[in-house]
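Peer 1:
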Amino acid sequence: MRWSTYRTTDGDEQVGLWRGDRLHPVPGTSSLLELIAREGLAAAAEQVGEPIDPATVTLQPPIPRPPSIRDFMAFEEHVVTASAAIGLTVDPLWYAQPCFYFTNPSSLRGPHDEIPVPPGSEALDYELEIAAVIGREGRDVAPADAADHIAGYVLFCDWSARDLQGTEMKLNLGPAKGKDFASSCGPWMVTPDELVPTAAMAASVNDRPCSAGRLDALYWSFAQMIAYASRGTRVVPGDLIGSGTVGTGCLLELSRVHGGDAYPWLRPGDRVHLEAEGLGAIDAGIVPGPDPIPLKEAS
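Going by the UniProt record's numbering, the sequence shown opens with residue 1, and the numbers climb by one from there.
(1) Excluding five sequence neighbours on each side, which residues of the same chain lie with their C-beta closer than 6 Å to the C-beta of Ala146?
(2) Apart from the five residues on each side of it in sequence, which residues of its chain come closer than 6 Å, Cβ to Cβ, to Val48?
(3) With a threshold of 16 other CB atoms inside 10 Å of the CB of Thr89, please say whether the residue is buried or exposed.
(4) Hey, could you find the ends of the alpha helix (DSSP H) Thr191 is sitting in?
(5) With which residues is Leu108 paired in a DSSP beta bridge?
(6) If you drop the 5 nearest sequence neighbours on each side, which residues of the same chain put their C-beta closer than 7 Å to that of Ala182?
(7) Counting along the chain, where does the beta strand (DSSP E) carrying Phe156 start and finish?
(8) Inspect the CB distances between the region 242-256 and the region 59-74 and report whether three or more fall short of 8 Å.
(9) According to the neighbour-count rule (16 or more other Cβ atoms, all chains shown, within 10 Å of its Cβ), is Tyr153 buried or exposed?
(10) One question on the structure: do Tyr6 and Gln60 come within less than 8 Å of each other, judged by their Cβ atoms?
(11) When the Cα atoms are used, what is the spatial distance from Leu155 to Asp148?
(12) If you draw a straight line from the alpha carbon of Trp220 to that of Asp10, how long is it in whole angstroms?
(13) Need the endpoints of the alpha helix (DSSP H) that Val79 sits in, please.
(14) Which of the three DSSP states is assigned to Gln60 in this structure?
(15) CB-CB under 6 Å to Ser121, same chain, minus the five flanking residues each way: which ones, in chain order?
(16) Where Ser83 and Arg139 are concerned, what is the direct C-alpha to C-alpha distance, given to the nearest angstrom?
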C-alpha cells in the first residue's frame, strides 16, 4: 500500500491511499502517524472514500511532523568517496558500528516544496536517500526483530550546505546549520511488502542525469540501523531512520570524481529531481534564501 498526507485547497490536512494513480481519502482521520501508531492501516484501507484528483491537492511529507529524524551513513561507496572529498580516509570504526546524526523535524518539506538556499551558504547540495518509518515503539531492538517495527519506507533528501557543514564541524560538533534548514520526503510511504529490495535510485539537476545507485548496496541494513538507534533508548511511531546517501548520490561525491566545474553546487533557479523505484519522486526548485543576520554588532 502507498499512503500520503495531503493538504486541500481549504488548508485541511488529510490522509489518502493510492490505488494506481488515484488518491482515495481516508475518512475520520487527518494523521497517518495516528493510523500507524494504532496499527490501523489495514482497517483504514477498507474504508477509503471516492478518489480525488491528485492535481487538486498539495502533497505533504507522509509524516509531516515526525518525533525525530535520525540520518545514518550506511552506503559504503558514499562514505569512501565523500571522506576523500574532504581529505579524510574512512575510519575502520565505521565498519564496526553504524553512525547517524539527528536532524530537524521542523524543517521537513514535501516532495514538491521549494528549497531556499540557507543563509550564508554558497555550496548547496542534495543527498539521495531512502528512510524507514518506525511503526511500533521499541527499546534495545534486536536486528532479527527490527522488521516488526517498520511501518513503511519513504524517499528522502537530506539537503546539505557543504560550506557551513565543513566550517562548523571543525569545532567537533555538528552538522547543525549545514543540515538543519531542510529535508524533503514523499510523495508517499510504501508498506514493507511493496518495497523493492533492489530499488533503483536516481537524481538529476535541470534534467541532466547525475546520480544512480541501488538500495541493495547498503552496507548496514535498516534492521541494523534500527537496532543501533534503539540501543539504550526508544524508537517510537513516526520516527524516520534515513539510510544516508547512496553511492554517487550527491554533488560532493560527483565533484570529487569529475571536478567542480562538471558538477557545480546548486543555485537559485535549479531544479532537482530525485526518484527511487516504487517510492515515487521528489521534484524541488531551488530559490534564493535570506542573508544571515549578524550575531554580534560590528565593533
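Glycine included, each C-beta is placed from N, C-alpha and C at the ideal position.
Owing to the predicted nature of the structure, the values given are computational and were not obtained by experimental measurement.
Peer 2: Let me lay it out:
(1) Counting from one through the sequence shown, the residue named residue 146 turns up at place 146. Cβ within range, chain order: Ala223, Ile226, Ala227.
(2) Within the sequence shown, numbered from 1, the residue matching residue 48 stands at position 48. Here the set comprises Leu17, His24, Val26.
(3) Start at 1 with the first residue of the sequence shown, and residue 89 comes out as number 89. Per the 10 Å Cβ criterion, exposed.
(4) Locating residue 191 in the sequence shown gives position 191, where the first residue counts as 1. Here Thr191 belongs to no alpha helix (DSSP H), and DSSP marks it neither H nor E.
(5) On the sequence shown, residue 108 is found 108 positions in, with the first residue counted as 1. DSSP, once it has assigned bridges, lists Ser183 as partnering Leu108.
(6) Reading the sequence shown from its first residue, position 182 is the one you call residue 182. Answer for Ala182: Ser107, Arg109, Ile115, Trp159, listed in chain order.
(7) On the sequence shown, residue 156 is found 156 positions in, with the first residue counted as 1. Phe156 -> beta strand (DSSP E) spans 150-158.
(8) yes
(9) In the sequence shown, the residue the question calls residue 153 occupies position 153. When all chains shown are included, Tyr153 counts as buried.
(10) Numbered from its first residue, the sequence shown carries residue 6 at position 6. Numbered from its first residue, the sequence shown carries residue 60 at position 60. A contact, by the Cβ cut-off of 8 Å.
(11) Residue numbering aside, residue 155 sits at position 155 when the sequence shown is read from its first letter. Residue numbering aside, residue 148 sits at position 148 when the sequence shown is read from its first letter. Rounded to whole angstroms, Leu155 to Asp148 spans 20 Å at the Cα level.
(12) Walking along the sequence shown from the start, residue 220 turns up at place 220. Walking along the sequence shown from the start, residue 10 turns up at place 10. In a straight line, the C-alpha of Trp220 is about 43 Å away from that of Asp10.
(13) Position 79 of the sequence shown, counted from the first residue, corresponds to residue 79. Unbroken alpha helix (DSSP H) run through Val79: 76-85.
(14) Here residue 60 corresponds to residue number 60 of the sequence shown, with the count starting at 1. Of the three classes helix, strand and coil, the one that applies to Gln60 here is coil, per DSSP.
(15) The sequence position of residue 121 within the sequence shown is 121, counting from 1. Cβ neighbours of Ser121 beyond the five flanking positions: Ala161, Asp163, Leu164.
(16) Within the sequence shown, residue 83 is the residue found at index 83, counting from 1. Within the sequence shown, residue 139 is the residue found at index 139, counting from 1. Computed Cα separation, rounded: 32 Å.
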